[in-house]
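So the sequence lines, in the order shown, correspond to chains A and B.
Okay, so the first sequence: first residue is 1 according to the UniProt record's numbering, each after it adds one.
Okay, so the second sequence: first residue is 1 according to the UniProt record's numbering, each after it adds one.
For reference, the structure is listed below as structure tokens.
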Amino acid sequence: MATPTPTTDLPQAMIEAMTPAADWVIVLPIVFGLMGAAALLTMRRSNSTPLLVALAVVFAIIACEVTLLLRVLADGPVSMTMGKWLPPFGISLTADIFSAAFALGAAVVTAIVLVYAEIDRGDAQEADTFHAMVLLLLAGVTGAFLTGDLFNLYVWFEVMLIASFGLIVFGGRPIQLDGAVKYGFLNFLATTFFLLALGLLYGLLGTVNMADIMRVAPAANPAAMAGVAALLLLAFGMKAAAFPVNAWLPASYHTPPASVSALFAGLLTKVGAYAMLRALVAVLPGSRDLLEPVMAMIAISTLVIGPLGAIAETNLRRAVGFIVIGGIGTIMAGLSMPSLLGVAGAGLYIFHALFTMTALYMIAGLVEKRTGATDSRQMGGLYAASGSISVIFLVLVLAAAGVPPFLGFWPKLLLLEAGFSQGATGPAPGTVGVVLVIALLVNAVLTLIAGARLWGHIFWRSGPIDAAPSDAPRLLAPLTGRGRVGYAATAVLTALIVVAGLWPEPVMQGARLAAGDIVDPARYVEAVGLAGETP
Amino acid sequence: MNTIIFRTIAPLIVATMLVFSVYVCLRGHNEPGGGFIGGLIGAAAIGVFGMASGVATVRQALRVDPMAIAGFGVFLAGFTGVLSLFTASPFMTSIWLYLPIGETTIPLSTPLFFDIGVYCVVFGTISAIALALESDREEEL
Numbered sequence: 001m002a003t004p005t006p007t008t009d010l011p012q013a014m015i016e017a018m019t020p021a022a023d024w025v026i027v028l029p030i031v032f033g034l035m036g037a038a039a040l041l042t043m044r045r046s047n048s049t050p051l052l053v054a055l056a057v058v059f060a061i062i063a064c065e066v067t068l069l070l071r072v073l074a075d076g077p078v079s080m081t082m083g084k085w086l087p088p089f090g091i092s093l094t095a096d097i098f099s100a101a102f103a104l105g106a107a108v109v110t111a112i113v114l115v116y117a118e119i120d121r122g123d124a125q126e127a128d129t130f131h132a133m134v135l136l137l138l139a140g141v142t143g144a145f146l147t148g149d150l151f152n153l154y155v156w157f158e159v160m161l162i163a164s165f166g167l168i169v170f171g172g173r174p175i176q177l178d179g180a181v182k183y184g185f186l187n188f189l190a191t192t193f194f195l196l197a198l199g200l201l202y203g204l205l206g207t208v209n210m211a212d213i214m215r216v217a218p219a220a221n222p223a224a225m226a227g228v229a230a231l232l233l234l235a236f237g238m239k240a241a242a243f244p245v246n247a248w249l250p251a252s253y254h255t256p257p258a259s260v261s262a263l264f265a266g267l268l269t270k271v272g273a274y275a276m277l278r279a280l281v282a283v284l285p286g287s288r289d290l291l292e293p294v295m296a297m298i299a300i301s302t303l304v305i306g307p308l309g310a311i312a313e314t315n316l317r318r319a320v321g322f323i324v325i326g327g328i329g330t331i332m333a334g335l336s337m338p339s340l341l342g343v344a345g346a347g348l349y350i351f352h353a354l355f356t357m358t359a360l361y362m363i364a365g366l367v368e369k370r371t372g373a374t375d376s377r378q379m380g381g382l383y384a385a386s387g388s389i390s391v392i393f394l395v396l397v398l399a400a401a402g403v404p405p406f407l408g409f410w411p412k413l414l415l416l417e418a419g420f421s422q423g424a425t426g427p428a429p430g431t432v433g434v435v436l437v438i439a440l441l442v443n444a445v446l447t448l449i450a451g452a453r454l455w456g457h458i459f460w461r462s463g464p465i466d467a468a469p470s471d472a473p474r475l476l477a478p479l480t481g482r483g484r485v486g487y488a489a490t491a492v493l494t495a496l497i498v499v500a501g502l503w504p505e506p507v508m509q510g511a512r513l514a515a516g517d518i519v520d521p522a523r524y525v526e527a528v529g530l531a532g533e534t535p
Numbered sequence: 001m002n003t004i005i006f007r008t009i010a011p012l013i014v015a016t017m018l019v020f021s022v023y024v025c026l027r028g029h030n031e032p033g034g035g036f037i038g039g040l041i042g043a044a045a046i047g048v049f050g051m052a053s054g055v056a057t058v059r060q061a062l063r064v065d066p067m068a069i070a071g072f073g074v075f076l077a078g079f080t081g082v083l084s085l086f087t088a089s090p091f092m093t094s095i096w097l098y099l100p101i102g103e104t105t106i107p108l109s110t111p112l113f114f115d116i117g118v119y120c121v122v123f124g125t126i127s128a129i130a131l132a133l134e135s136d137r138e139e140e141l
């Protein structure tokens, strides 16, 4: 039966060229994560070593992402559009240096936290879904970092929300349900705002492909686009826990086991910050310029209020949560100064926070295990019991505050430089850049005060707050078996942070290169395959 | 809910719904239907069965843990996407196989198996939730 071929002159919709198998490194990390989670879920009753399976999957993901990062560093952004549809019809996954590096960082952190999580697990291994949920979370985070399509980003946010909701109620203590309700409701609200913004954006531009938006957005109504960008700022700000929509983070992150909070602190808020960097600075720069005063205000208040909350807090993990919020302020400061240096600083800070904030929660979990308390008033005397834990804690506090030579210093250096240069040459000379610089320095000092106060209470004081000074130091039970595994995982992660801090040249260089692709996305658009066409 | 009328009719309803759910899933490629709605109909059948005969009976009749069905669904859907690796095309490109049987041709394709995967995910997840809500005591999910 011969069908007459239609001779109408339709534009081409399918990709004709062959796709080399090497391009698959961009999609395989997500596929491995999803399928690994599915396999663990299916076999959870018969599988006695879920940790080994999960670690194998994560290492496969790391291998793919190292290949991807090397390739992006060498040849520029990589893109693949699903199902042979031409962009912008198909869903594009696009990786530039920032997305590939963050995805790699997320996978490394996940591998370490998977080992650390043994500390919270009983010897009688029950059939549970912990490892499947962690892999699902990693798949969602990786997808969010690597996607080149705003609607697809929404899908990955939902995947993360499902997985994190499963993880936060893990164990089912009443306080966790309380935290889960706050966390779940506010994050659900944030994704709803995101969806509203996407609907408006699609109505205005007729596309959700990021590279395509970059081409057609300048021609759209600037007022309407500013509305969309403001909705996106609200949605991602809630996800990232920026002031004034930060209340859910300290209310929920201390409720699950320490390993779960470590994973959340490292991955989830950073995805919100990355989405802001991608959507506002790279995709909608025109609308971002309109919102700049708002973003600077958010940055300044988040920078100051985060560590102030940490100073006022006595619950150890809640205090660390406020330090995480202060870090989000640092990223927002970079996004308010979208010069090459500002974007490089923001991106490098996200990379640093992936590791440092996770490590802070991990060491907080160890402290809680040693002292058997969650409130820093009930702790004390840990320095006598374990010198190494106190050193690691201090190193991480210094790294979070941005004291040289630790990793946190370098992104702040870039941001200070950006602030001063904007103060000198920017469109609105002076004020904004200088105020941001002052806020960054105040943030560093306040974080240092909060960290030193915690350190003094937990380690230096000879005992709990009600103990008399003459009391003999408390004898704390040493870590055993699984506890030592958790301790080793924390030490490895801290060592990574120290080495990266002492030898910052590769990451600094990488951040500058990556920022170049964000500030001038020509190579990004070209990689997707949309360059050269007029909209 | 445990009236004799309901308990007598329930197996009939459940069987009809399960068959219909498969039908809806398979016709979904070119007509209204598909894996998602099919899975919902199937899970609704499991919910009705649970109301009529109790959760324990349903779990026994299912033989497999509903969450395992959901996991298998994700795995199947992902696997159909990976298959296009071998045709030098991007992830999730459809592959078609026209199977001539007698006088007709049966088109088999990776989207079909993807849809079956979706069916399993929705069926497994919603069934697990329905059974958890219907069970009286706190049992293992």
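Beta carbons are placed, not taken as given, at the ideal position from N, Cα and C, and that holds for glycine.
Item                                                                                                                                  : Value
Counterpart residues of Thr-104(B) in DSSP-defined beta bridges                                                                       : Ile-101(B)
Presumed contact (8 Å Cβ cut-off) between Leu-303(A) and Leu-440(A), rounded CB distance                                              : 6 Å
Spatially closest choice to Pro-506(A) from Ala-101(A), Gly-483(A), Ala-197(A), Lys-270(A), by CA coordinates                         : Ala-101(A)
N-terminal and C-terminal residue of the beta strand (DSSP E) that Thr-81(A) is part of                                               : 78-81
Nearest to Gly-456(A) (by Cα), restricted to the options Gly-501(A), Val-397(A), Ile-325(A), Thr-431(A)                               : Val-397(A)
Members of the stretch 109-138 of chain B near chain A, C-beta cut-off 7 Å                                                            : none
Cβ of Thr-371(A) within 7 Å of any chain B Cβ                                                                                         : no
Proximal residues to Ala-130(B) (C-beta, below 7 Å), its chain only, five neighbours per side dropped                                 : Ala-43, Ile-46, Gly-47, Gly-50
Backbone secondary structure at Ala-235(A) - three-state DSSP                                                                         : helix
Any chain A beta carbon closer than 7 Å to Gly-90(B)                                                                                  : Here residue 90(B) turns out to be Pro, not Gly, going by the sequence shown. Answer yes: the Cβ-Cβ gap between Pro-90(B) and chain A drops below 7 Å somewhere.
Proximity to Val-115(A) [Cα-Cα], best of Gly-483(A), Gln-509(A), Ala-514(A)                                                           : Gly-483(A)
Spatial distance of Gly-426(A) from Pro-504(A) (CA atoms)                                                                             : Unreliable positioning characterises Gly-426(A) in this predicted model, as indicated by a pLDDT of 49, which lies under 50. The coordinate reading is nonetheless provided below. Answer to the nearest angstrom: the Cα atoms are 28 Å apart.
Beta carbon proximity, Thr-374(A) to chain B, threshold 7 Å                                                                           : no
Distance CB(Arg-461(A))-CB(Gly-380(A)) smaller than 7 Å                                                                               : yes
Pair within 7 Å by beta-carbon distance, Ala-180(A) and Ile-168(A)                                                                    : yes
Any alpha helix (DSSP H) of 4 or more consecutive residues that is wholly inside the stretch 50-137 of chain B                        : 55-62, 66-82, 110-134
Boundaries (first-last residue) of the alpha helix (DSSP H) holding Leu-93(A)                                                         : No alpha helix (DSSP H) holds Leu-93(A); the beta strand (DSSP E) holding it covers 92-95.
Span of the alpha helix (DSSP H) around Ala-117(A)                                                                                    : From DSSP, Ala-117(A) is part of no alpha helix (DSSP H); its letter is neither H nor E.
Sequence ranges, alpha helix (DSSP H) only - wholly within the stretch 182-242 of chain A, length at least 4                          : 210-216, 222-240
Within-7 Å CB hit, Val-57(A) to chain B                                                                                               : no
Straight-line gap, Val-24(B) to Gly-501(A) (C-alpha atoms, nearest Å)                                                                 : 58 Å
Alpha carbon of Thr-80(B) to alpha carbon of Ala-107(A), nearest angstrom                                                             : 25 Å
Pair within 7 Å by beta-carbon distance, His-131(A) and Pro-29(A)                                                                     : no
Collapsed DSSP secondary structure at Trp-503(A) in the structure displayed                                                           : coil
Exposure label - Asn-2(B); buried when at least 16 CB within 10 Å                                                                     : exposed
DSSP state of Thr-255(A) mapped onto helix, strand, coil                                                                              : coil
Contacts around Leu-201(A), its chain only, beta-carbon distance under 6 Å, and the 5 residues preceding and following it disregarded : Val-228
Any C-beta of chain B under 7 Å from that of Met-35(A)                                                                                : yes
Nearest-angstrom Cα separation, counted from Ala-197(A) out to Gly-203(A)                                                             : 10 Å
Enclosing alpha helix (DSSP H) for Ile-350(A) [first to last residue]                                                                 : 340-371
Among Val-281(A), Leu-354(A), Asp-212(A), nearest to Glu-528(A) - alpha-carbon criterion                                              : It is worth fixing the name first, because residue 528(A) is Val in this sequence and not Glu. Out of Val-281(A), Leu-354(A), Asp-212(A), Asp-212(A) has the C-alpha closest to the C-alpha of Val-528(A).
Any chain A beta carbon closer than 7 Å to Gly-78(B)                                                                                  : yes
Enclosing alpha helix (DSSP H) for Ile-9(B) [first to last residue]                                                                   : 4-27
Span of the alpha helix (DSSP H) around Arg-317(A)                                                                                    : 316-335
Any chain B beta carbon closer than 7 Å to Gly-83(A)                                                                                  : yes
Ala-364(A) classed as buried or exposed, judged by whether at least 16 other C-beta atoms fall within 10 angstroms                    : buried
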